[in-house]
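Below is one structure, written out as structure tokens; the observations come after it.
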Amino acid sequence: MLTSESLKRIDREIAKYPADQKQSAVMAALAIAQEQQGWLSSEAIECVANYLGMAPVAAYEVATFYNMYDLKPVGKYKLSVCTNLPCMLSGGVDAGEYLKNKLGIGYNETTPDGLITLKEGECMGACGDAPVMIVNNRRMCSWMNPEQIDQLLVELK
Amino acid sequence: MAILGAINPMLSLGLDGDKAWRLADYVKRGGYSALRRILEEKQTQEFVINEVKKSVLRGRGGAGFPTGLKWSFMPRSFPGDKYVVCNSDEGEPGTFKDRDILRYNPHSVIEGMAIAAFAMGAARGYNYIHGEVWEIYERFEEALDEARAAGFLGSNLLGSGFNFELFAHHGYGAYICGEETALLESIEGKKGQPRFKPPFPASFGLYGKPTTINNTETFASIPYIITLGGEAYLDAGKANNGGTKLFSISGHVKRPGNYEIPLGTPFATLLEMAGGMRGGRQLKGCIPGGSSSPVVPGPAMMECTMDYDSISKAGSMLGSGAVIVMDETTCMVKALERLSFFYYEESCGQCTPCREGTNWLYRVVNRIETGRGRADDLDLLSSVTTNIMGRTICALGDAASMPVQSFIKHYHDEFAYHIEHKKCLVPVDVQRAGSGFFTATA
Amino acid sequence: MEIEIDGKIAQVPDGSTIMDAAQQLGAYIPHFCYHKKLSIAANCRMCLVQVEKAPKPLPACATPVTNGMKVFTHSELAVTAQKGVMEFLLINHPLDCPICDQGGECQLQDLAVGYGGSASRFQEAKRVVFHKDVGPLISMQEMARCIHCTRCVRFGQEIAGVMELGMANRNMHAEIMTFVGRSIDSELSGNMIDLCPVGALTSKPFRYSARSWELSRRKSVSPHDSIGANLTVQIKNNVVMRVLPRENEEVNECWISDKERFSYEALNSPARLTRPMIRVDGALREVEWKTALDYVAHALKDITRSNGGESVASLASPHATLEELYLLQKLTRGLGSGSVDFRPRRRDFSADGKLGGTPWLGLRLAEIKDLDAVLVVGSFLRKDHPLFAQRLRQVGKKWGKVSLLSVSADDPLINLHAQLTVSPADLPSALARIVKAAAQLKNEAVPEGLESVAPCATSQAIAASLVEGEKGAIFLGNVAEQHPHAAQLHALACELSRLTGASCGFIGEAANSVGGYVAKALPTALNAHEMFVQPRQAYLLHGIEPELDCHNPQQALAALKQAALVVMLTPFGDGGCSEYADVLLPITPYTETSGTFVNSEGRVQSFNGVVRPLGDARPGWKVLRVLGNLLSVPGFDYESSEEVRDEVIAAGEGFVDGLDNKVTAVPCVAWSLISIPGGLQRVAEVPIYSADPLARRAAGLQKTHDALPPSARICAATLQALSLNDGVSVRVRQGSGEVVLTAKADPTVPAGCVRVAAAHVSTAALGEMFGAINVERA
Ligand SMILES: Cc1cc2nc3c(=O)[nH]c(=O)nc-3n(C[C@H](O)[C@H](O)[C@H](O)COP(=O)(O)O)c2cc1C
Ligand code: SF4
Ligand code: FES
């Protein structure tokens, strides 16, 4: 289920913690599994749990607690827009609306071509750069005014 | 973004945007000399803790607890492992300073943690980094590699016999992990549910071992304190409020960003540094210390200086130093609704008053905002906040309640108008104009 | 530490919480998440109290007592806080107590009456929580009622040793569930139903069959394993509706196993035998009691007259009561036979007559928590003794070093110090390795006969833990007792005990494994094995089903089939008895008779019947009494079961005398290493829900994972050596018997072994529980 490449990366994470504390690597391991698969299936969660010697339901608790894990398939690109107050004051909510119109979808929906899933995010610790959005949990885009958003969408095509 | 301005900078001195974060640059700025001095001069743990005490450095994570005092709680002669943990899970709406510290000056945090580990006899540390700032996590990993290669981390640092291993751990989207015991649970590979205290982390922390947790900025300040001396650091700020601090300014200002200023600097000065109010509009209110701190009306805010005592006198908290500026285009009901949603969404779900109460608060504020408010809703909100505050496991319950109480207190009429007229005092197009989304260009 | 609660003063040890102190004072502080056996979560916040000088109310369950602390549990501050919490708990809780299964025994309902407001100020839509299917025992139909106290989750992690339930999601979407689609399989799972303070987790078999206030409660004692868990049996209209634990800290604490909780379903099953039956013209026909008893008496008289007393043999179940066992042996001896036994699954009887006293656990159950080194020899621990395993789990969690030496590497869910898994034939030599390692560590002479034994690293680690431990214990499990060299295992364990100072004893298979010795249901002629090897003319079988309960069912059935008379005293009329029984006498299960069980620590626990006998069934002791009278055996004039008990145990209740595990004439030094047979060996467990006639007929238990039909479990290497794959059909042969099973790859089975469960109809055609076995592709 997990590729040897993923397992190698997970091993590197495990090494950060005391030998009897493998479970500490679960967040990283789930993130790695999600990167490999595009989302986190229950098989992947169970595989991670077994690899780390923890109860599957304990790994499931973790996977459902942190909101960057996707327990359902998402589009090729997941766009999370911060709409929290500081961002809202500088256009975060408007940016979300703009994206909804452009893509023809609402939050937690995916474009029919499976390309983009739109999510409403919470504070990303970048309020000064508002509007901000994150692509696939990894790449943060700052100062997303209409032109910037248009440009990003072109790039993601 | 960058650190856009400073008065008497320490943390941000010599930074050059994205170009000077590497070890070599840091060393050029005098980096790692504090750690080197302590180890080479064979300073004692007491010396370090004393300097930090003298500096009156107060925790930059929100609570403002004196750092030196916190360090002295760690058991000296504990036989097993001890840990130092850095809290870079910056998720408090309005706060974005730790991200810049880690981006532009990561080695200051590494050096600060190494010094802390030395002072408290810890051999291992973790830096818990907010999941949303992935690029920062990767950079910090790189900085760690540099520090290891240069012998500033690992075993037998600089030949002193002192060992310190430091690792980065990333979050994955849970504000509550900023709460220190939730953060520890999260490092242990569990849900981020805060622990009941006592026991405090100093006696039962990570993996049940004595642990000290400090904010990124707190650790980053340590090398400067050691280099300058505790007293000089204190003098850079004002009595009981040692040193300079980074303030994250967001909202309706011309130049949102981070600014390093001495504690005690007037708010007006800070506002000016940030380019003043966007579009020259009026300051309606300000949340001075991150979303959890009570809102302060504009006029009162203009009277404040930026330090723990002055802001507290104004009825709020300096918190993490996240200044959310709101001008007259802001609908205070909408603003509160968004914050209440945040606390409802981010409640860990563990304890009853917070799990049920934050949901209740949000639903009531939401119905006011959407024109379904009822005459007694403001009383209801105030009663529900009373039933949450002080009765939860961690401070998130309080954090969710204080905005509700302060918004209603200071903007009561606006809420009443909303309930009565089922619409907003501030017209929607005015609110929209305030955000500048459709007018701003890059 | 001195603390004042509502004006009353208590002295408590350092580290106590306000809740502890309140309980000591008998002061009640409302709570949901707190449970004395679980870790402190402090999440429900119901226990908020006022503490002098504290600005905020504090949770009593989690706040440590400080000296001179003053606590107010009913002050305005405290009560306001408690009421506030109650309001929060109720806003998302369905207010439909009248139709809730928990109605009448719900902590939330009880407290809401005192603390809840009259009308809810929360007027939004309530949370919707979907139901989940988690197996045949626990219902999670009504999860909207859950108040997130996490007792069930903590129970799994801390007591059952396996986290099957978790709280997924966060904020008000937090939800108790199993991992996607999983069932709850722990053998202790039912305790979560008791722990759940509301009606979220309920009993599937019991659901909606009665309201709690319609039930009357009676005390009883578990008839299953050797712990003797104390039970509360709840009845309605003379029918057992539910079985719950009765708290006894020294025995079962506040837990019972699922077998104890759910086996009551068998009591009301159609399989119950309610009328005596006699074989007439080849078929069993119902008859009156008098006819049946006269028939038995005549037949026995005839047989003993013409063939002598020794032509009769009696075999009882170790689950029978002390009174039944005593009367059965008395009757048998009265007929002139010494062939009586109560140990049908035993194979090696060579220690008989050489024992220092009644074999037992070697210490009291309550002492287990203080052990710091434990070795369990030959046990499927979790499934054989769920509550005993639970106690050891707590030992492993603290400082204790728990080790296992067994014939399969099943996970006991205990934090183990060491685990040594060997084939059944290797079991004695493996124990010998530990004995020798201990002798070497103690610088004592190596016991004679063990010269050639070479201790491995694991056996050394185990020996070291016992040598270093302040308070150690060695426990011989069911496998060790059923083993063909049980006496040698016993002698080796005694020697290890002598060397290390650890106690030594038997966990005991069944409710009366100690009681049978006390009742002298022991052979002076043929034992449970010999009575089938040398077939008798007449057999009296009490409470056993020989095809499932005997060490070698093949042999037992052959002997029974040739006998002139087979009399079965049994609560059940189904099963294999129609093949070999000539007379069926319906006796009552534990709920319908008075009696006594002596648990593994020697504790005498008498109980009364909780309901009237079903149909014409009669308590076993009464049936035996009448038979004694009809057969004119002297001394059968008992008026009550207590009279019988008092004849056996002078002391009445308490602990029995004469407990002693010494085995005198089987010195460990005199044994020679057993030669290991070539070929495949059988590993046979007795599956948890096949272990006794009640469990076998409990509908819910039979739907669990643990009740899945046996397969032939073989490790991958052996499978390969046999050119078999996982999942193929195999023909399994032992002696003249054979069955077809599915081969399953199972890494826990030692190489060269085939694990085939005993005590199951699908494997009853096989022979001994140990020894050579044959497997080939079917
Ligand atoms: C709900 C909640 C969220 C918090 N978030 C953060 C955070 O994002 N960063 C942080 O440094 N401290 C945060 N804190 C404060 C920490 O619990 C802790 O007090 C702090 O990390 C201690 O460091 P300091 O003494 O250096 O300030 C939070 C506290 C609470 C109750
Ligand atoms: S106050 Fe909220 S976030 Fe904190 S422990 Fe309780 S439920 Fe969790
Ligand atoms: S019993 Fe104390 S918080 Fe639940």
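Chains as they are written, first to last, in our numbering: chain A, 13 to 169; chain B, 48 to 489; chain C, 1110 to 1887. Note that beta-carbon positions come from the ideal geometry of N, C-alpha and C, so glycine has one too.
Cβ neighbours of residue i in the same chain (closer than 6 angstroms, five flanking residues each side left out)
i: Gln1528 of chain C; result: Leu1513
i: Tyr29 of chain A; result: Ser36
i: Lys1629 of chain C; result: Gln1438
i: Ala1665 of chain C; result: Phe1641, Pro1655, Cys1659
Cβ neighbours of residue i in the same chain (closer than 8 angstroms, five flanking residues each side left out)
i: Glu1374 of chain C; result: Pro1314, Arg1806, Ala1807, Ala1808, Gly1809, Leu1810
i: Cys1603 of chain C; result: Cys1613, Asn1770, Lys1771, Val1772, Cys1777
i: Gly1275 of chain C; result: Val1262, Ile1285, Met1286, Thr1287, Phe1288
i: Ala489 of chain B; result: Its pLDDT being 38, under 50, Ala489 of chain B is placed unreliably in this model, and the value from its coordinates should be taken loosely. So the list is empty, once near-sequence residues are dropped.
i: Lys1241 of chain C; result: Met1249, Met1252, Met1286, Thr1287
i: His1333 of chain C; result: Ser1366, Lys1368, Glu1369, Ser1372, His1428, Ala1619, Ala1620, Ala1800, Asp1801, Leu1803, Ala1804
Any non-hydrogen atom of ligand 2 within 6 angstroms of residue i CB
i: Gly444 of chain B; result: yes
i: Cys99 of chain A; result: no
i: Pro246 of chain B; result: no
i: Pro450 of chain B; result: no
i: Pro1166 of chain C; result: no
i: Cys1156 of chain C; result: no
Contact test: residue i Cβ vs ligand 1 heavy atom, cutoff 6 angstroms
i: Asp136 of chain B; result: yes
i: Ile455 of chain B; result: no
i: Gly404 of chain B; result: no
i: Ala110 of chain B; result: yes
i: Glu227 of chain B; result: yes
i: Asn1524 of chain C; result: no
i: Gly106 of chain B; result: yes
i: Cys441 of chain B; result: yes
i: Asn493 of chain B; result: Missing from the structure shown is residue 493 of chain B; chain B here goes from 48 to 489 and no further.
Listed by chain order, chain C residues near residue i by CB distance under 9 angstroms
i: Ala67 of chain A; result: Gly1265, Gln1266, Val1271, Met1272, Glu1273, Gly1275, Phe1288
Contact list for residue i against chain B, beta-carbon separation under 8 angstroms
i: Met1252 of chain C; result: Result: empty, since nearest Cβ-Cβ is about 14 angstroms, beyond 8 angstroms.
Under 8 angstroms from the C-beta of residue i: neighbouring residues of chain C
i: Gly437 of chain B; result: Pro1164, Lys1165, Pro1166
i: Thr399 of chain B; result: Asn1152, Cys1153, Arg1154, Met1155, Val1194, Phe1197, Leu1198, Ile1256, His1257
Under 7 angstroms from the C-beta of residue i: neighbouring residues of chain A
i: Arg1279 of chain C; result: Phe77
Spatial neighbours of residue i in its chain, beta-carbon cut-off 7 angstroms, leaving aside the 5 residues before and after
i: Asn1357 of chain C; result: Asn1339
i: Ala1896 of chain C; result: With chain C running from 1110 to 1887 in the structure shown, residue 1896 of chain C is simply not present.
i: Lys3 of chain A; result: In the structure displayed, chain A extends from 13 to 169; residue 3 of chain A sits before or after that span and is not available.
i: Asn1176 of chain C; result: Met1110, Glu1111
i: Gly1861 of chain C; result: Ser1532, Leu1789, Gln1790, Thr1827
Contacts that residue i makes with chain B (C-beta to C-beta distance below 9 angstroms)
i: Ile1138 of chain C; result: Here the premise fails: no neighbours, minimum Cβ distance about 15 angstroms.
Partner residues on chain C for residue i, Cβ-Cβ distance less than 7 angstroms
i: Ala70 of chain A; result: Met1272, Gly1275
Residues that residue i contacts on chain B, provided the C-beta gap is smaller than 7 angstroms
i: Ala107 of chain A; result: Phe484
i: Asn1201 of chain C; result: Glu403
i: Ala1171 of chain C; result: Phe243
Any residues in the segment 286 to 311 of chain B with a beta carbon nearer than 8 angstroms to a beta carbon of chain A? Which ones, in chain order? From the segment 286 to 311 of chain B, only Ser295, Ile296, Ser297, Gly298, His299, Pro303, Gly304, Asn305 have a Cβ closer than 8 angstroms to chain A.
Can you pull out the residues from the segment 137 to 168 of chain A whose beta carbon lies closer than 8 angstroms to at least one beta carbon of chain B? Gly137, Ala138, Cys139, Gly140, Asp141, Ala142, Pro143, Ile146, Asn149, Arg150, Arg151, Met152, Ser154, Trp155, Asn157, Pro158, Glu159, Gln160
Under 9 angstroms (Cβ pairs) to chain C, residues found in the segment 218 to 235 of chain B: Ala221, Ile223
With 7 angstroms as the limit, tell me which residues of the segment 408 to 434 of chain B have their beta carbon closer than that to any beta carbon of chain C; keep them in chain order. Arg410, Leu427, Asn434
For the segment 1211 to 1240 of chain C, enumerate the residues whose C-beta is nearer than 7 angstroms to any C-beta of chain B, in chain order. Arg1230, Phe1231, Glu1233
Any C-beta of chain B within less than 8 angstroms: which residues of the segment 37 to 52 of chain A qualify? Ala37, Val38, Met39, Ala40, Leu42, Ala43
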